[in-house]
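Data first, discussion second: the structure below is written as C-alpha coordinates.
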Amino acid sequence: MDPSIHGGAPVFTDASRPLYEVKANLFKGLAHPLRVRVLEVLAAAPDVETPVSELLDATGLEASHLSQHLAVLRNYRLVTAERRGNQVSYRLAYPQVADLLRVARALLGEILQTTERQLVEQAGLPDIPLRSASPASTGPAGRP
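Going by full-length UniProt numbering, the sequence shown opens with residue 1, and the numbers climb by one from there.
The following block contains the structure:
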(Lines of atoms letter the chains of each structure in order from A and count residues from 1; the text may use other names and numbers.)
(Lines give C-alpha, C1' and ligand atoms only; values in the text may rest on other atoms or scores of the structure.)
Protein backbone atom coordinates (compact mmCIF):
# COMPACT_ATOMS: atom_id res chain seq x y z
CA MET A 1 0.00 0.00 0.00
CA ASP A 2 1.42 3.37 -1.06
CA PRO A 3 1.57 5.71 1.97
CA SER A 4 1.37 8.76 -0.30
CA ILE A 5 -2.12 7.69 -1.31
CA HIS A 6 -3.48 5.91 1.73
CA GLY A 7 -1.88 7.84 4.57
CA GLY A 8 0.47 5.12 5.82
CA ALA A 9 3.50 6.14 7.81
CA PRO A 10 6.47 7.27 5.74
CA VAL A 11 9.91 5.90 6.50
CA PHE A 12 11.87 8.68 8.20
CA THR A 13 13.31 6.82 11.17
CA ASP A 14 15.04 3.92 9.44
CA ALA A 15 18.70 4.94 9.89
CA SER A 16 19.84 2.17 7.56
CA ARG A 17 18.25 3.86 4.54
CA PRO A 18 20.40 6.20 2.43
CA LEU A 19 19.46 9.86 2.71
CA TYR A 20 18.38 10.04 -0.94
CA GLU A 21 15.75 7.34 -0.27
CA VAL A 22 14.46 9.19 2.77
CA LYS A 23 14.36 12.41 0.74
CA ALA A 24 12.52 10.70 -2.13
CA ASN A 25 10.04 9.39 0.42
CA LEU A 26 9.44 12.94 1.64
CA PHE A 27 8.62 14.00 -1.92
CA LYS A 28 5.96 11.28 -2.04
CA GLY A 29 4.08 13.34 0.51
CA LEU A 30 4.10 16.22 -1.97
CA ALA A 31 3.25 14.04 -4.96
CA HIS A 32 -0.37 15.09 -5.36
CA PRO A 33 -1.50 18.46 -6.73
CA LEU A 34 -4.20 18.87 -4.08
CA ARG A 35 -1.68 18.37 -1.28
CA VAL A 36 0.57 20.97 -2.87
CA ARG A 37 -2.45 23.30 -3.05
CA VAL A 38 -3.21 22.76 0.66
CA LEU A 39 0.42 23.47 1.55
CA GLU A 40 0.38 26.64 -0.57
CA VAL A 41 -2.74 27.86 1.23
CA LEU A 42 -1.05 27.21 4.57
CA ALA A 43 2.20 28.81 3.37
CA ALA A 44 0.34 32.01 2.45
CA ALA A 45 -0.22 32.61 6.18
CA PRO A 46 2.58 30.65 7.85
CA ASP A 47 2.17 32.21 11.30
CA VAL A 48 -1.57 31.59 11.48
CA GLU A 49 -3.46 28.37 12.03
CA THR A 50 -5.93 27.82 9.20
CA PRO A 51 -9.28 26.23 10.06
CA VAL A 52 -10.42 23.26 7.98
CA SER A 53 -13.41 25.35 6.84
CA GLU A 54 -11.01 27.82 5.17
CA LEU A 55 -9.06 24.98 3.56
CA LEU A 56 -12.34 23.60 2.20
CA ASP A 57 -13.21 27.00 0.72
CA ALA A 58 -9.72 27.52 -0.73
CA THR A 59 -9.46 24.07 -2.31
CA GLY A 60 -13.06 23.32 -3.24
CA LEU A 61 -12.63 19.75 -2.01
CA GLU A 62 -15.23 17.59 -0.32
CA ALA A 63 -14.56 17.33 3.42
CA SER A 64 -13.72 13.62 3.25
CA HIS A 65 -11.31 14.14 0.36
CA LEU A 66 -9.56 17.01 2.14
CA SER A 67 -9.37 14.93 5.30
CA GLN A 68 -7.54 12.14 3.44
CA HIS A 69 -4.97 14.57 2.03
CA LEU A 70 -4.48 16.25 5.40
CA ALA A 71 -3.88 12.82 6.96
CA VAL A 72 -1.13 12.15 4.43
CA LEU A 73 0.44 15.55 5.09
CA ARG A 74 0.33 14.88 8.84
CA ASN A 75 1.89 11.43 8.38
CA TYR A 76 4.69 12.98 6.37
CA ARG A 77 5.11 15.55 9.16
CA LEU A 78 4.54 18.46 6.80
CA VAL A 79 1.60 19.93 8.74
CA THR A 80 0.39 19.96 12.32
CA ALA A 81 -3.19 20.03 13.53
CA GLU A 82 -4.71 21.62 16.59
CA ARG A 83 -8.24 21.05 17.83
CA ARG A 84 -10.13 23.78 19.66
CA GLY A 85 -13.59 22.59 20.58
CA ASN A 86 -15.09 21.14 17.43
CA GLN A 87 -12.80 23.11 15.10
CA VAL A 88 -9.52 21.74 13.75
CA SER A 89 -6.89 24.09 12.35
CA TYR A 90 -3.70 23.36 10.45
CA ARG A 91 -0.36 25.02 9.95
CA LEU A 92 2.93 24.12 8.31
CA ALA A 93 5.02 21.96 10.60
CA TYR A 94 8.24 23.68 9.51
CA PRO A 95 8.90 27.04 7.82
CA GLN A 96 11.16 25.18 5.39
CA VAL A 97 8.03 23.70 3.77
CA ALA A 98 7.14 27.20 2.55
CA ASP A 99 10.74 27.65 1.39
CA LEU A 100 10.53 24.39 -0.54
CA LEU A 101 7.30 25.52 -2.23
CA ARG A 102 8.91 28.87 -3.14
CA VAL A 103 11.97 27.17 -4.63
CA ALA A 104 9.78 24.72 -6.57
CA ARG A 105 7.73 27.62 -7.97
CA ALA A 106 10.89 29.49 -9.01
CA LEU A 107 12.34 26.37 -10.62
CA LEU A 108 9.11 25.71 -12.47
CA GLY A 109 9.12 29.31 -13.67
CA GLU A 110 12.63 28.86 -15.07
CA ILE A 111 11.68 25.60 -16.76
CA LEU A 112 8.55 27.08 -18.30
CA GLN A 113 10.42 30.20 -19.39
CA THR A 114 12.98 28.02 -21.18
CA THR A 115 10.17 26.08 -22.83
CA GLU A 116 8.46 29.32 -23.88
CA ARG A 117 11.71 30.62 -25.40
CA GLN A 118 12.12 27.36 -27.30
CA LEU A 119 8.56 27.59 -28.62
CA VAL A 120 9.15 31.18 -29.77
CA GLU A 121 12.39 30.13 -31.47
CA GLN A 122 10.63 27.21 -33.11
CA ALA A 123 7.84 29.47 -34.40
CA GLY A 124 10.47 31.69 -36.03
CA LEU A 125 12.11 28.85 -37.96
CA PRO A 126 11.40 28.58 -41.68
CA ASP A 127 8.87 26.00 -42.75
CA ILE A 128 10.17 22.66 -43.93
CA PRO A 129 8.25 21.66 -47.04
CA LEU A 130 6.65 18.25 -47.05
CA ARG A 131 7.77 15.88 -49.75
CA SER A 132 4.91 14.61 -51.78
CA ALA A 133 4.80 10.86 -51.67
CA SER A 134 4.39 9.29 -55.08
CA PRO A 135 3.43 5.65 -55.42
CA ALA A 136 6.97 4.83 -56.58
CA SER A 137 8.67 6.54 -53.65
CA THR A 138 7.07 5.11 -50.54
CA GLY A 139 10.22 3.68 -48.93
CA PRO A 140 13.21 5.39 -47.32
CA ALA A 141 15.11 7.76 -49.62
CA GLY A 142 12.58 7.23 -52.39
CA ARG A 143 13.09 3.49 -52.55
CA PRO A 144 10.01 1.30 -53.03
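All residues carry an ideal CB built from backbone N, CA and C; glycine is no exception.
Approximately 13 angstroms separates the beta-carbon atoms of Thr59 and Val79; this is outside 8 angstroms, ruling out the contact.
The beta carbon of Leu61 sits closer than 7 angstroms to the beta carbons of Leu34 from its chain, once the five residues preceding and following it are set aside; these are given in chain order.
The continuous alpha helix (DSSP H) containing Arg37 extends over residues 33–44. The region 22–34 and the region 82–95 do not touch, with fewer than 3 CB-CB distances between them shorter than 8 angstroms.
Residue pairing by DSSP leaves Ala93 without any beta bridge partner.
For Glu62, the secondary structure class from DSSP, reduced to helix, strand or coil, is coil. Distances from the CA of Asp57 to each of Pro46, Arg37, Leu73, Ala93 were compared; the closest alpha carbon is that of Arg37. Using a 10 angstroms sphere on the CB of Thr50, the tally of other CB atoms reaches 16 or more, which defines it as buried. According to the DSSP assignment, Glu21 belongs to the alpha helix (DSSP H) that extends over 19–29. Of all alpha-carbon atoms in Arg105, Glu116, Arg131, the one lying nearest the alpha-carbon of Gly124 is that of Glu116.
Residue pairing by DSSP places Thr80 opposite Arg91 in a beta bridge. C-alpha of Ala98 to C-alpha of Gln122: approximately 36 angstroms in a straight line. Beta-bridge pairing by DSSP links Thr50 to Tyr90.
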